[in-house]
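The structure under discussion appears below in the form of structure tokens.
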Amino acid sequence: MHNAFFKNDFSNLCIGEDVYIGPHTVLDLYGEITIKNHVAIGMNSHIFTHASFVGTYSMLMRIKVANVVFEEYSGTNPCVTVLAGVTVGRNSYITPHSVAVENIPPYKIVRGNPAQIIANLPEEKMKSFETKYLEKIGWIKS
Numbered sequence: 004m005h006n007a008f009f010k011n012d013f014s015n016l017c018i019g020e021d022v023y024i025g026p027h028t029v030l031d032l033y034g035e036i037t038i039k040n041h042v043a044i045g046m047n048s049h050i051f052t053h054a055s056f057v058g059t060y061s062m063l064m065r066i067k068v069a070n071v072v073f074e075e076y077s078g079t080n081p082c083v084t085v086l087a088g089v090t091v092g093r094n095s096y097i098t099p100h101s102v103a104v105e106n107i108p109p110y111k112i113v114r115g116n117p118a119q120i121i122a123n124l125p126e127e128k129m130k131s132f133e134t135k136y137l138e139k140i141g142w143i144k145s
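Position in the sequence shown (first residue = 1) + 3 = my numbering.
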């Protein structure tokens with residue numbers, strides 16, 4: 004982690020192995036953030052686990068808190084926002100300046116605000132890539 008900013012303590016953060024969190028990334032830890040193995044989060048990204056509502060004082064008391072999960076081999080490019088309650092599926096990627104407002108299925112590339120699926124990744128080829136990557140870093144032997 005390079006100059007990442009964490010809101011609250013680390014008790015709501017679970018990070019796997021071989022994870023990259025870019026500089027100036029904000030992890031809002033009101034809810035839990037789970038980052039599984041082999042995930043990369045680009046610099047200047049914002050991962051939120053809560054949202055508040057603008058309005059009267061009584062309306063402000065209704066704060067949504069929901070967990071965020073990055074499944075294995077998923078990731079973001081720089082300057083991405085992930086909102087509370089989102090799960091980023093295995094081998095899915097969020098392109099720069101996108102806002103993920105709902106779950107992203109496995110093996111997808113998303114873009115935009117709100118983020119929409121723009122490409123499907125071939126599952127069998129991605130699994131082959133995963134195996135080759137794990138061999139390269141020494142986690143498994145061929």
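Every residue, glycine too, gets a C-beta built ideally from N, C-alpha and C.
Bridge partners of Thr90 according to DSSP: Val72. Looking at Glu133, Ser95, Val104 and His53, the one whose alpha-carbon comes closest to that of Asn70 is His53.
The DSSP-derived three-state label of Lys39 is coil.
Inclusion of Ile44 and Thr90 in the CB contact set at 8 Å is not warranted, their separation being larger than that value. Counted as a single uninterrupted DSSP element, the alpha helix (DSSP H) harbouring Leu137 occupies residues Glu126 to Lys139. Taking the Cβ atoms as the reference, Tyr76 lies roughly 5 Å from His41, within the contact range of under 8 Å. Cβ neighbours of Phe51 within its own chain (closer than 6 Å, five residues either side excluded): Asp31, Leu86 and Ala87.
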